[in-house]
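Comments concern the structure below.
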Amino acid sequence: VIPSLEDLSVFLRLLARSATGQEMAAYTTLYTGPRRDDDPEGPEEYHVVLVDNGRSAMLAGNYRSMLRCIRCGACLNHCPVYTAIGGHSYGWIYTGPMGAVLTPLMTGLDNAYDLPNACTLNGRCQEVCPVRIPLPDFLRQHRVRQNQRRLGSGLSRRVVSMWAWLARRPRFYHAVMALPVRLLSYLGRHRGAFEKLPFGRGWTVVRDFPAPTGATFQQQWQQRKRSEP
């Protein structure tokens, strides 16, 4: 909903440029209500049904600015997770970063607690958002709520706790993370991918898991820095 008809041109240009890079798009539909006496055609009656679907709670809470979303898709175009897995993986109407925020608010965090975790928190979605929605902050808030309510499997929570403990000890973290990378690289050296992974069935249900190269990202980064003139 826009403030007035005078603001329409601003939002039309904002939507088109953020979505497709055009000055103006041809897919926008305008509804002007029932037919007036001097109109040659049009509906005799015009009814608008507004579905709340959790929006009142958003308006009254910390997620209020999420209602500014104009559905342009700019955050989807710059999201590495959406680029890799596509929209159907999100399992509902809204996908990408904005969907990972909206879906738990509309369907309940219990039904979509995994979506906020499908994010690297790189911040690109917030940078390109034309209405400046703090999407990474909202995704972090969802994760905090998920942890406080102990949603998800106990194993996943323990794994995250172990990772947090390791991440606070960088040297130990790098040494420990290098071991599975080398092991998986050795086991997958012939085929280059895994059809099944122990304790990782969710990664291989619909696609093979690529075997790592044998070096962690930090090791590859250090090697590249040493090779630079």
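Quick note on my numbering: the sequence shown kicks off at 54 and runs consecutively. Every residue gets a Cβ at the ideal spot worked out from N, C-alpha and C, and that includes glycine.
Rounded distance between the beta-carbons of residue j and residue i, thought under 8 Å
| i | j | result |
| --- | --- | --- |
| residue 172 | residue 155 | Between residue 155 and residue 172 the Cβ distance is about 13 Å, and since that is not below 8 Å, they are no contact. |
| residue 170 | residue 202 | Incorrect: roughly 14 Å between the Cβ atoms, too far for contact. |
| residue 269 | residue 234 | 5 Å |
| residue 149 | residue 132 | 5 Å |
| residue 264 | residue 245 | 5 Å |
| residue 238 | residue 257 | With 8 Å as the limit, residue 238 and residue 257 do not qualify as a contact, their Cβ atoms being about 17 Å apart. |
| residue 151 | residue 107 | Not quite, the Cβ-Cβ distance comes to about 14 Å (not below 8 Å), so this is no contact. |
| residue 198 | residue 236 | Not quite, the Cβ-Cβ distance comes to about 35 Å (not below 8 Å), so this is no contact. |
Residues bridged to residue i (per DSSP)
| i | result |
| --- | --- |
| residue 262 | 247 |
Endpoints, alpha helix (DSSP H) assigned at residue i
| i | result |
| --- | --- |
| residue 239 | 223-240 |
| residue 207 | 207-220 |
| residue 63 | 61-72 |
| residue 270 | 270-280 |
What are the uninterrupted segments assigned as beta strand (DSSP E) that are 3 or more residues long and contained completely in the segment 103-139, given in chain order?
Here no run is fully enclosed.
Touching by the beta-carbon criterion (3+ pairs, under 8 Å), the segment 117-125 and the segment 63-72
Short answer: they touch.
Alpha helix (DSSP H) segments (min. 4 residues) lying fully within the segment 151-201:
177-181, 188-201
Any chance the segment 111-122 sits against the segment 185-198, with 3 or more Cβ pairs inside 8 Å?
yes
Within the chosen definition, does the segment 136-143 reach the segment 100-111 through at least 3 CB pairs nearer than 8 Å?
no
Do three or more CB pairs link the segment 156-168 to the segment 198-216 at distances below 8 Å?
Cβ pair count under 8 Å is three or more, so yes.
Evaluate contact between the segment 98-106 and the segment 77-88, counting only Cβ atoms and requiring at least three cross-stretch pairs below 8 Å.
When Cβ pairs closer than 8 Å are counted between the two stretches, the segment 98-106 is seen to touch the segment 77-88, the count reaching three or more.
So, does the segment 248-261 touch the segment 220-227, judging by three or more C-beta pairs under 8 Å?
no
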